[in-house]
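Structure record follows, encoded as structure tokens.
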Amino acid sequence: MSPCPRRQVLGAAAGVAAAAALPLTVATEAHAAEPVDDRPGPEWVPVPDPVPVPLDSLYDNDGIDTAAAPGGDFDGSGYTFPGEELPAGRVEVDGIPFLFPASTAGAKNNVVALGQRIDLPKGSYLSAVFLTAGSYGNASGRATVHYADGSTTTAGLTGADWYSAGGSLSAAYRYKPDGTKDEHGVGIGTSEVWTDPRREAVAITLPVTNPAEADKTSLHVFALSLQPVAQGRALALRDAHSTSSLLRSTGAQSVEATVVNAGTVAILTGDDVSVRVDVPGARTVEAARIRRLDPGEQARVRVGIRNRTGTAPGTLRDGSVNVSGRGAQVTSQKGALTLGVADYLPTGTSLAGHQAPYWFNGAKFGIFIHWGVYSVPAWAPVGKQYAEWYWDQMQDPNNPTYAHHRDTYGEDFAYDDFIPRFTAKKFDPRAWVELFRDAGAQYHVLTSKHHEGFALWDTKVSDRNAVKLGPKRDLIKELFAASRRYAPELHRGLYFSMPEWFNPDNPWMGHAPRNPYTLEPVPYTGYTAGKDYVKDFQAPQMLELIDGYDPEIIWCDIGGVNDSLHVLADYFNHAKNRARPIDVTVNNRSGIAFHDFTTPEYTTYENTVVAKWESSRGLDPYSYGYNGETPDDAYMSAEEVVHSLVDIVSKNGNFLLDIGPRADGTIPEIMQTRLRETGAWLKVNGEAIYDTTYWSRMAQLGEDLRFTVRPDRAFYIHSLTRPGAKLTVEAPVPVRSGDKVTMLGHDRPLTWSVNNGALVIDVPETARNAGQHVWVFKVEWHG
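If you count the sequence shown from 1, position 180 lands on 435 in the working numbering, and the numbers rise without skipping.
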């Protein structure tokens, strides 16, 4: 496993201050709320252009170098972004114009957030969008917006870790302190802070993080752009582009765009807002419709198009994405669209057209399974080390595993001597997949091969596998067959470690297998050395999995040397050219810049991350593989699992929860119990999780409230604590007269009112008693 990457983030507005922004309702009698604006007024008003704000006078860090002009220091350790890979001057990112700093010799080009005040052109703004990055981890803090009347609002401002290829602006490498290239991707993304458009904004104070020093997390700001509010009924269109994804309803190719309510009037069903594509060579077969979008909110929409006869897949044509409403065109965005999905080529540009499939976006919850030879010793200091890293950790005399192995098994007991004890004799694949289904999971991901190099399938390029050794069974084949037969609703995925610790042909840890106590060589059981590690071993193994097992997820780990451009092109082509095509996806750890989603582990984000991500962790307090030392009371409780799931989903993530089976294939009872308890909660509350999206205004309010949205249908409020007789939500919840409020699991209509911009829900004791872990309130939209 490896550190989490940088991503695009939306700031989450906080508390009462955020609730003041764009109040949509006024206090009325219980069970009623009338819109402040309602229907009168002009049909549509234009949206003012975004206003880039120069930050030159505040720049205090040189984080961008070029080969001709080295000497910068972005992170306090001498590493920098490559100026050759980044723009300069006016640039559009995610549909928003910015003034990006030039990488001239010795010039400062970003602000390290230490509480600086940024003066703004006076005006009324919908939001402030920053280009940010974090050094030494994800950096975040509270930004303060100042208004001319002396009031303030606050919201989260985030810069996710630059040390990845993710982000809206990315580079395939960075510069080392000595000026040479470090072949590891780095990125810069957007982070949005909501402002109150009813007040005149005059300044923003940045959060206080750390100075740019080694091993200290710092937030870096490169640019700022403000979105003025339009007074009246107005929509803006951002980031319209064609995709390789197909709509589940019709199978049509999807064109995506973000529609922003940039005005002061709510969009309702009667406004008849729709989005279509006009492009020579294709036709719109499935328009997108927006039935509810309150001021300040965003909706990511998907329009279905099909190529006309004679238009070859992959044809590039200029076209437009058009928004209409109330019988008139509202706005449009012109640009080049790729019509149809051509075969993928082994290039970064071609692969970049791929994205996480819609089923993956909607699934939200998956089960990770770490199972291998490491499941035999199943030992690590509880809460401190990965048990699946046993072999690597026993190499270090200063690591507790070194002494444990010597004292338990003896100095002459090699790691590979565990292989015969990895029996899988009680492995029941049907019971596994039925457990995953009962847990409410939508997909599962099994370790096909971890860093130890032991394959769980019948690989033809090495005898170091579970068919030739140990269980003498193709464990992947059995699991996938059971999944298809007994739980066909589950999607199937495979983890694959790109390097191996001690593979003689390419040892990740620098040496072939050896006795850690005598340093004498030992065999790498089942493997015949002398291969080109990538061409003769790694890539063929990945293709065996793709061609032989049809995984819908390839979950790579570690990266390193690879032929991933060719392998992933083959993977995507294999999936789309099958007799029955499937939508597949890959994460960000295959060793190349391209990815569909990123993978932080044992952590989450403070704010919404717009680019798709998935957080993984074990039920164990630290380990993914089974750790026999972990007591039952140290595992996550059902409440902790549900809280994690809700928090992650509210910020646009998936939760990949890991279990570690024993060497005999049994899943520890405590793990089974936790999964079933999670499934029981999801059976009641799943509609607020599956196929939802984040609320574009904020992910959370304080520590206890989270939000999700089922577009055009309902809004969900998740209370992570048991509510009192009244639940007060001091946020601009999109609720109007005629809407119905219930609590999932209780379902009888609840009395509600809107008082001073806050939604107040009366929660009877019967409703409170009906919930557990997280209490979910549903605002069902009508009209």
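All C-beta atoms in this analysis are idealised placements derived from N, C-alpha and C, irrespective of residue type, glycine included.
Reduced DSSP secondary structure (H/G/I, E/B, other) of residue i
| i | result |
| --- | --- |
| ALA456 | strand |
| THR858 | coil |
| LEU479 | strand |
| TYR428 | coil |
| ILE847 | coil |
| SER899 | helix |
| GLN508 | strand |
| VAL367 | strand |
| VAL1031 | strand |
| MET764 | coil |
| LEU690 | helix |
| ASN1010 | strand |
| ASP967 | coil |
| VAL372 | The question names Val, yet the displayed sequence has Arg at residue 372. Looking at ARG372 - three-state DSSP - the assignment turns out to be strand. |
| GLY803 | helix |
| MET753 | coil |
| PRO923 | coil |
| LEU999 | coil |
| TYR949 | strand |
Proximity winner among the options, relative to residue i (alpha-carbon distances)
| i | options | result |
| --- | --- | --- |
| TYR779 | ILE903, ASP672 and VAL1029 | ASP672 |
| THR1006 | LYS995, ARG833 and LYS727 | LYS995 |
| SER717 | LYS786, LEU369, PHE757 and PHE677 | LYS786 |
| GLY338 | GLU347, TRP763, GLY326 and TYR402 | GLY326 |
| LEU956 | GLY1000, ASP902 and ALA969 | ASP902 |
| PRO236 | SER630, GLU856 and GLY525 | Outside the displayed range of the chain (256 to 1038) lies residue 236, so it cannot be described from this structure. |
| SER499 | ARG991, LEU592 and HIS1001 | LEU592 |
| TRP868 | THR524, ASN842 and VAL984 | ASN842 |
| THR859 | VAL596, GLN640, PRO836 and ASN909 | ASN909 |
| LEU571 | VAL578, ASN562, SER579 and ASN882 | ASN562 |
| ASP598 | GLY814, PRO303, LYS831 and THR524 | LYS831 |
| THR539 | SER509, SER951, PRO550 and VAL514 | SER509 |
| VAL904 | ALA618, PRO836 and LEU313 | ALA618 |
| GLY331 | LYS906, LYS938, THR472 and VAL988 | THR472 |
| VAL628 | ILE622, TRP644 and GLN640 | TRP644 |
| GLU985 | ALA969, ARG968 and ARG961 | ARG961 |
| VAL515 | ARG547, ALA543, THR321 and GLU552 | GLU552 |
| THR708 | ASP549, PRO655 and PHE792 | Just to set this straight, residue 708 is Gly in the shown sequence, not Thr. When only C-alpha atoms are compared, the closest one is PHE792. |
| HIS973 | ILE1016, GLY603, ARG991 and PHE477 | ILE1016 |
| ASP526 | ASP549, THR359 and ALA537 | ASP549 |
Buried/exposed call for residue i, threshold 16 Cβ in 10 Å
| i | result |
| --- | --- |
| GLU924 | exposed |
| LEU774 | exposed |
| LYS1002 | Reading the sequence as shown, one finds Asp at residue 1002 and not Lys. It is exposed - the Cβ of ASP1002 has fewer than 16 other Cβ atoms within 10 Å. |
| HIS699 | buried |
| ASN1011 | exposed |
| SER390 | buried |
| ARG1041 | Absent from the structure is residue 1041, since the part of the chain shown begins at 256 and ends at 1038. |
| ALA323 | exposed |
| HIS850 | buried |
| HIS1028 | buried |
| GLY1038 | exposed |
| SER738 | buried |
| ALA658 | exposed |
| VAL530 | buried |
| VAL448 | buried |
| GLY1026 | buried |
| VAL585 | buried |
| GLU861 | buried |
| ALA469 | exposed |
Beta-carbon separation (whole angstroms), residue i vs residue j, contact threshold 8 Å
| i | j | result |
| --- | --- | --- |
| VAL534 | GLY574 | 3 Å |
| SER703 | ILE731 | 6 Å |
| GLY444 | ALA467 | Contact doesn't hold; Cβ gap of about 18 Å is too wide. |
| SER480 | ILE351 | 5 Å |
| SER871 | THR885 | In fact, because the Cβ distance is near 17 Å, the residues do not count as touching under 8 Å. |
| GLY920 | PHE668 | The Cβ separation is near 23 Å, so there is no contact. |
| VAL300 | GLN486 | 7 Å |
| THR399 | THR409 | 5 Å |
> If we count Cβ pairs, one from each stretch, closer than 8 Å, do we get three or more for the region 351–369 versus the region 444–463?
Replying inline: yes
> Does the region 871–882 come close enough to the region 913–929 that 3 or more CB-CB pairs lie under 8 Å?
Replying inline: yes
>> I want to know whether the region 891–905 touches the region 607–618 - three or more CB-CB distances under 8 Å.
In response: no
> How do the region 427–435 and the region 479–493 stand: do at least 3 beta-carbon pairs fall below 8 Å, yes or no?
Replying inline: In the pairwise beta carbon analysis, the region 427–435 is classified as not touching the region 479–493: fewer than three pairs are separated by under 8 Å.
> At a cut of 8 Å, does the region 931–947 reach the region 629–649 through at least three beta carbon pairs?
Replying inline: no
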